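Q: Under UniProt numbering, the first residue of the sequence shown is numbered 1, with each subsequent residue one higher. Think of the CB as a built atom: it goes at the ideal place given N, C-alpha and C, for glycine as much as any other residue. Nothing here was measured: the structure is a model prediction, and the numbers come from that model. Right, I'll just put the structure down here and ask away after.
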Amino acid sequence: MVSEGNKISIMSQPNYIPDDAPFTAEQRQWLNNLVGNFISDLTSGRGLTGQGSAPAIPVTILIGSQTGNSESLGKKLSKAMAKLNFNPEVIDMASYEKEKLPSEQNVLIITSTYGDGEPPDNAADLHEWILSDAAPSLEGVNFSVLALGDTEYPDFCKCGIEFDTRFEQLGATRIYDRVDCDVDFDEPFALWRDGVMDALGGSQAAVAPAFEEPTEDGYSKKNPFRADVLQNYNLNTDDSERQTQHVEISLDGSGIEYEVGDALGVLPQNDVALVDEILENLPFKPTEEVPLPGGGEATLREALIEHYDIRNLNKKFIESWQARSGSPFLRSLVEADSKEAYEDFCWGRELIDLITDHPADFEDAEEFVAVLKKLQPRLYSIASSPNANPGEVHLTVGVVRYNSHYRNRGGVCSTFLSDRVNGVQPGVFVHSNKAFRLPDNGETPVIMVGPGTGIAPFRAFLQERKVSGAKGGNWLFFGNPYESKDFLYKDELEELQKEGVLTKLDTAFSRDQAEKVYVQHRMLEQGAELWKWLSEDKASFYVCGDASRMAKDVDAALHKVAEQHGKLSEEEAAEFVKTLKKEKRYCRDVY
Numbered sequence: 001m002v003s004e005g006n007k008i009s010i011m012s013q014p015n016y017i018p019d020d021a022p023f024t025a026e027q028r029q030w031l032n033n034l035v036g037n038f039i040s041d042l043t044s045g046r047g048l049t050g051q052g053s054a055p056a057i058p059v060t061i062l063i064g065s066q067t068g069n070s071e072s073l074g075k076k077l078s079k080a081m082a083k084l085n086f087n088p089e090v091i092d093m094a095s096y097e098k099e100k101l102p103s104e105q106n107v108l109i110i111t112s113t114y115g116d117g118e119p120p121d122n123a124a125d126l127h128e129w130i131l132s133d134a135a136p137s138l139e140g141v142n143f144s145v146l147a148l149g150d151t152e153y154p155d156f157c158k159c160g161i162e163f164d165t166r167f168e169q170l171g172a173t174r175i176y177d178r179v180d181c182d183v184d185f186d187e188p189f190a191l192w193r194d195g196v197m198d199a200l201g202g203s204q205a206a207v208a209p210a211f212e213e214p215t216e217d218g219y220s221k222k223n224p225f226r227a228d229v230l231q232n233y234n235l236n237t238d239d240s241e242r243q244t245q246h247v248e249i250s251l252d253g254s255g256i257e258y259e260v261g262d263a264l265g266v267l268p269q270n271d272v273a274l275v276d277e278i279l280e281n282l283p284f285k286p287t288e289e290v291p292l293p294g295g296g297e298a299t300l301r302e303a304l305i306e307h308y309d310i311r312n313l314n315k316k317f318i319e320s321w322q323a324r325s326g327s328p329f330l331r332s333l334v335e336a337d338s339k340e341a342y343e344d345f346c347w348g349r350e351l352i353d354l355i356t357d358h359p360a361d362f363e364d365a366e367e368f369v370a371v372l373k374k375l376q377p378r379l380y381s382i383a384s385s386p387n388a389n390p391g392e393v394h395l396t397v398g399v400v401r402y403n404s405h406y407r408n409r410g411g412v413c414s415t416f417l418s419d420r421v422n423g424v425q426p427g428v429f430v431h432s433n434k435a436f437r438l439p440d441n442g443e444t445p446v447i448m449v450g451p452g453t454g455i456a457p458f459r460a461f462l463q464e465r466k467v468s469g470a471k472g473g474n475w476l477f478f479g480n481p482y483e484s485k486d487f488l489y490k491d492e493l494e495e496l497q498k499e500g501v502l503t504k505l506d507t508a509f510s511r512d513q514a515e516k517v518y519v520q521h522r523m524l525e526q527g528a529e530l531w532k533w534l535s536e537d538k539a540s541f542y543v544c545g546d547a548s549r550m551a552k553d554v555d556a557a558l559h560k561v562a563e564q565h566g567k568l569s570e571e572e573a574a575e576f577v578k579t580l581k582k583e584k585r586y587c588r589d590v591y
């Protein structure tokens with residue numbers, strides 16, 4: 001394997017597998033590499049392990065993960081490196097002893113970014129320390145960064161970028177350029193993985209197969225299960241300004257398993273009426289065949305309904321569109337290169353707005369879809385316990401609807417599940433979230449803060465605690481605008497109270513009185529009891545919901561409770577909260 005910056009090319013390999021063998025092209029190439037490596041190992045004296053007498057190269061892989069993606073990639077990287085002359089160690093950033101950092105030889109960072117450009121919870125301490133004046137010199141340390149993010153958010157990959165920049169400032173040697181991954185991270189990860197191993201191991205790493213062995217692990221993001229929808233109804237009253245769908249999905253026959261705390265990925269379909277309007281304004285035939293993002297072909301209409309994102313705009317997309325458009329406005333927007341101007345233009349606009357207001361000249365339909373992004377699945381916190389609902393998975397979906405630029409618009413997946421799922425089997429898969437689990441000990445009390453749709457995982461928690469007979473107390477803080485219109489799962493929660501499963505329920509209905517009251521206010525009102533649960537009873541504290549405001553306000557309230565009722569200083573309270581996180585007693589599922 002040869003590395004040139006971020007470009008990886010494969011050394012030519014003899015064709016050991018006949019072209020007419022019953023394999024795909026990718027499988028043949030993988031098998032050719034495998035046989036070639038086997039022969040190379042035998043003839044070079046490395047033996048069947050691919051490792052010679054040289055000592056294994058130590059590699060520390062630091063993981064910053066909010067929902068498990070970074071952790072999963074870290075394990076894949078470690079597995080790949082362990083097959084070669086490397087000694088990899090995967091470490092959660094929250095448990096990493098930062099004093100060891102200056103003495104590390106090779107450090108690989110895999111981290112996501114969430115909220116308003118914030119580091120994942122488990123990376124917060126290391127991130128704060130490395131950016132501070134207390135950070136030491138890192139001369140002699142080799143490093144590279146894989147940053148996970150989502151281009152729909154303005155601070156794309158910010159956490160990874162900051163780690164990358166700061167390591168260089170502190171004197172570390174970047175052995176391979178940082179790779180920034182959008183939500184489809186498999187290919188960029190493979191590029192980075194191969195480049196890093198080549199840079200670290202030289203000819204030793206060059207024996208690595210360029211392609212991983214194809215595996216069949218059941219249903220996944222790439223191979224979703226087509227499920228039946230069993231129940232689908234609005235949890236709010238008809239006169240509420242909000243719409244929250246309770247969706248029950250059958251997993252019968254899939255073999256899919258999940259745990260409370262996990263999320264369900266749902267592959268949506270775009271609004272057919274919107275797709276048809278787009279096609280009416282394009283010079284292409286709806287029946288024209290076009291390539292699909294994951295391979296294969298479909299008609300243009302089918303591709304726009306099921307496979308391509310026709311809603312979200314961002315800087316990269318605008319630049320691609322402007323290159324084919326004669327719009328003076330778009331040209332000035334691209335030339336100005338202002339982050340604020342891009343955000344202002346993209347908010348509330350979609351592909352249809354560009355087509356009608358800033359038309360572009362594409363040679364054919366294939367060139368047109370080439371500028372579009374793949375339609376991505378949406379993740380929803382699972383609202384059911386598999387032990388209480390065998391063969392089913394439940395969701396609590398807040399339906400997004402709004403008007404902008406004289407058009408009624410809505411969330412792609414939320415309106416799909418509420419308006420367009422009848423007669424359709426949505427593709428689903430489980431996204432494991434090991435960072436959001438109930439305590440192993442059923443006697444440990446749990447405190448749950450979940451306003452709005454944030455109640456979803458806590459409905460699952462309560463079901464699981466009931467089925468398992470857990471003896472620990474369960475305390476829920478729930479909030480929404482109006483009690484009479486927006487008290488989600490009211491009957492269920494009240495029944496759980498009567499049964500003694502739900503020990504305490506504090507509600508905050510913000511619009512039921514002149515002064516708005518939110519869950520963080522109820523926390524402060526119950527501060528003395530809350531402190532007792534946390535400090536004496538060693539309760540675990542969970543938060544689910546909005547990351548940008550609610551989660552920050554709840555975090556601030558938690559600090560204040562520690563100060564007021566624990567008699568701690570501001571610094572001591574901050575250290576107490578950090579300890580909760582390190583002990584995995586403060587867990588957040590925020591978005």
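(1) Could you have a look at residue 594 and say whether DSSP puts it in helix, strand or coil?
(2) Relative to the C-alpha of I63, which residue among S72, D337, V577 and A341 is closest?
(3) Please classify S44: is it buried, with 16 or more other beta-carbons within 10 angstroms of its beta-carbon, or exposed?
(4) Rounded to whole angstroms, how far is the Cβ of I318 from the Cβ of L333, which I believe are closer than 8 Å?
(5) Alpha carbon to alpha carbon, how far is T151 from L77? Give it in angstroms, no decimals.
(6) Would H431 be called buried (16 or more neighbouring beta carbons within 10 Å of its own) or exposed?
(7) Name the two residues that bound the continuous alpha helix (DSSP H) containing K552.
(8) By the three-class DSSP mapping on this structure, what secondary structure does D198 have?
(9) What would DSSP say about I352, mapped onto helix, strand or coil?
(10) Pick out whichever of M93, W347 and P88 has its Cα sitting closest to the Cα of N314.
(11) Can you list, in chain order, the residues of its chain whose CB lies under 6 Å from that of K466, leaving out five sequence neighbours each side?
(12) According to DSSP, simplified to helix, strand and coil, what is P283?
(13) Within 10 Å of its beta-carbon, does T356 have 16 or more other beta-carbons around it, so buried, or fewer, so exposed?
(14) Hey, out of K538, V393, R301 and D228, whose CA is closest to A383's CA?
(15) Do you know how far the Cα of A514 is from the Cα of P291?
(16) Can you name, in chain order, every residue of its own chain whose Cβ lies under 7 Å from the Cβ of R588, other than the five neighbours on each side?
(17) Which residues bound the beta strand (DSSP E) around S144?
(18) Using a Cβ-Cβ cutoff of less than 6 Å, which residues in the same chain neighbour E575 once the five nearest sequence positions on both sides are dropped?
(19) Helix, strand or coil for Y342? Go by DSSP, reduced to three states.
(20) Go through the UniProt domain "Flavodoxin-like" (59-197) residue by residue and report every complete run of the alpha helix (DSSP H) that reaches 4 residues or more, in order.
(21) With distances taken from CA atoms, which of P58, F436 and L300 is nearest Q66?
(22) Please name the residue, chosen from A303, D537, A360 and R401, that lies closest to Q243 on a Cα-to-Cα basis.
(23) Looking at C-beta atoms only, is the number of pairs between the stretch 368-383 and the stretch 277-294 that lie closer than 8 Å three or more?
(24) Taking DSSP as the reference, what is the three-state secondary structure of S325?
(25) What is the DSSP secondary structure of F225, reduced to helix, strand or coil?
(26) If you draw a straight line from the alpha carbon of S484 to that of N236, how long is it in whole angstroms?
(27) Smallest Cα separation from V260: which of A273, P386, G195 and E583?
(28) In the stretch 431-503, which residue ranges form an unbroken alpha helix (DSSP H) of at least 4 residues, counting only runs that do not cross its ends?
(29) Just mark S414 as buried or exposed, buried being the case when its beta carbon has 16 or more other beta carbons within 10 Å.
(30) How would you call Q376, buried or exposed, if buried means at least 16 neighbouring beta carbons within 10 angstroms?
(31) Could you tell me which residues DSSP pairs with V272 in its beta bridges?
(32) In this structure, how does DSSP classify H307 when only helix, strand and coil are distinguished?
(33) Measure how close the beta-carbons of S112 and A263 come, nearest whole angstrom, since I'm counting them as under 8 Å.
(34) Touch check for the stretch 412-427 and the stretch 443-458: three-plus C-beta pairs under 8 Å?
(35) Name the two residues that bound the continuous alpha helix (DSSP H) containing F576.
(36) Under the rule that 16 or more other beta-carbon atoms within 10 Å means buried, what is F458, buried or exposed?
A: So, from the data block:
(1) Nothing can be reported for residue 594: it is not among the residues displayed for the chain, which extend from 1 to 591.
(2) Position 63 of the sequence shown holds residue 63. For the residues S72, D337, V577 and A341, the minimum Cα distance to I63 belongs to S72.
(3) Along the sequence shown, read from residue 1 onward, the residue named residue 44 stands at position 44. Residue placement at S44 is flagged as unreliable, the pLDDT there being 47, under the threshold of 50; the coordinate-derived value follows with that caveat. Residue burial is scored here from C-beta neighbours: S44 has fewer than 16 other C-beta atoms within 10 angstroms and is therefore classed as exposed.
(4) Indexing the sequence shown from 1 puts residue 318 at position 318. Indexing the sequence shown from 1 puts residue 333 at position 333. The Cβ separation is near 7 Å, so the contact holds.
(5) Mapped onto the sequence shown, residue 77 falls at position 77. Mapped onto the sequence shown, residue 151 falls at position 151. Cα-Cα distance, rounded: 24 Å.
(6) Numbered from its first residue, the sequence shown carries residue 431 at position 431. Answer is buried; the Cβ neighbour count reaches 16.
(7) Here residue 552 refers to the residue found at position 552 when the sequence shown is read from its first residue. In this chain, the alpha helix (DSSP H) harbouring K552 covers M550 to G566.
(8) Counted from its first residue, the sequence shown places residue 198 at position 198. Residue state, collapsed to three classes: helix.
(9) For the purposes of this step, residue 352 is taken as residue 352 along the sequence shown, with counting starting at 1. In this structure, DSSP gives I352 a helical state, which the three-state scheme calls helix.
(10) Translated into the one-based positions of the sequence shown, residue 314 becomes position 314. Minimum Cα distance to N314 is reached at W347.
(11) Walking along the sequence shown from the start, residue 466 turns up at place 466. Cβ neighbours of K466 beyond the five flanking positions: V501.
(12) Counted from its first residue, the sequence shown places residue 283 at position 283. In this structure, P283 counts as coil in the three-state DSSP scheme.
(13) Along the sequence shown, read from residue 1 onward, the residue named residue 356 stands at position 356. Around the CB of T356, fewer than 16 other CB atoms lie within 10 Å, so the residue is classed as exposed.
(14) Locating residue 383 in the sequence shown gives position 383, where the first residue counts as 1. Measuring from the Cα of A383, the nearest candidate turns out to be V393.
(15) Sequence index remark: in the sequence shown, residue 291 carries index 291 (1-based). Sequence index remark: in the sequence shown, residue 514 carries index 514 (1-based). Just so you know, the alpha carbons of P291 and A514 end up roughly 56 Å apart.
(16) Reading the sequence shown from its first residue, position 588 is the one you call residue 588. Counting only residues of its own chain and dropping the five nearest sequence neighbours on each side, R588 has a CB closer than 7 Å to the CB of D121, V543 and A551.
(17) Translated into positions along the sequence shown, residue 144 becomes position 144. For S144, the uninterrupted beta strand (DSSP E) segment begins and ends at N142 to L148.
(18) What you label residue 575 is simply residue 575 of the sequence shown in a count that begins at 1. For E575, there are no CB contacts under 6 Å within the same chain when 5 residues up- and downstream are skipped.
(19) As a position in the sequence shown, residue 342 is number 342, starting the count at 1. In the three-state DSSP reduction, Y342 falls in the helix class (H, G or I).
(20) Secondary structure within the UniProt domain "Flavodoxin-like" (59-197): the alpha helix (DSSP H) runs of 4 or more consecutive residues, fully enclosed, are 69-82, 124-131 and 158-169 (chain order).
(21) Reading the sequence shown from its first residue, position 66 is the one you call residue 66. Among P58, F436 and L300, the Cα nearest to that of Q66 is on F436.
(22) Counted from its first residue, the sequence shown places residue 243 at position 243. Residue nearest to Q243 within the set A303, D537, A360 and R401 is R401 (criterion: CA-CA distance).
(23) Short answer: they touch.
(24) Indexing the sequence shown from 1 puts residue 325 at position 325. DSSP places S325 within a strand segment (E or B) once states are collapsed to three.
(25) Position 225 of the sequence shown, counted from the first residue, corresponds to residue 225. If DSSP states are grouped into helix, strand and coil, F225 belongs with the strands.
(26) Numbered from 1 along the sequence shown, position 484 holds the residue referred to as residue 484. Numbered from 1 along the sequence shown, position 236 holds the residue referred to as residue 236. Cα to Cα, the separation comes out at about 9 Å.
(27) Here the question's residue 260 lines up with position 260 in the sequence shown. Nearest option by C-alpha distance: P386.
(28) As for any alpha helix (DSSP H) of minimum length 4 sitting wholly inside the stretch 431-503, the runs are 456-468, 483-486 and 490-499, ordered along the chain.
(29) Here residue 414 refers to the residue found at position 414 when the sequence shown is read from its first residue. So S414 counts as buried.
(30) On the sequence shown, residue 376 is found 376 positions in, with the first residue counted as 1. Counting the other CB atoms within 10 Å of its CB gives Q376 a total of 16 or more, which places it among the buried residues.
(31) The sequence position of residue 272 within the sequence shown is 272, counting from 1. Its beta-bridge partners do not exist; DSSP assigns none.
(32) The residue you call residue 307 lines up with position 307 of the sequence shown. Residue state, collapsed to three classes: coil.
(33) Working through the sequence shown from its first residue, we reach residue 112 at position 112. Working through the sequence shown from its first residue, we reach residue 263 at position 263. In fact, because the Cβ distance is near 14 Å, the residues do not count as touching under 8 Å.
(34) Result no; under three Cβ-Cβ pairs closer than 8 Å.
(35) Along the sequence shown, read from residue 1 onward, the residue named residue 576 stands at position 576. From DSSP, the alpha helix (DSSP H) with F576 extends over E570 to K582.
(36) Start at 1 with the first residue of the sequence shown, and residue 458 comes out as number 458. Classification of F458: buried, given that the 10 Å Cβ count is 16 or more.
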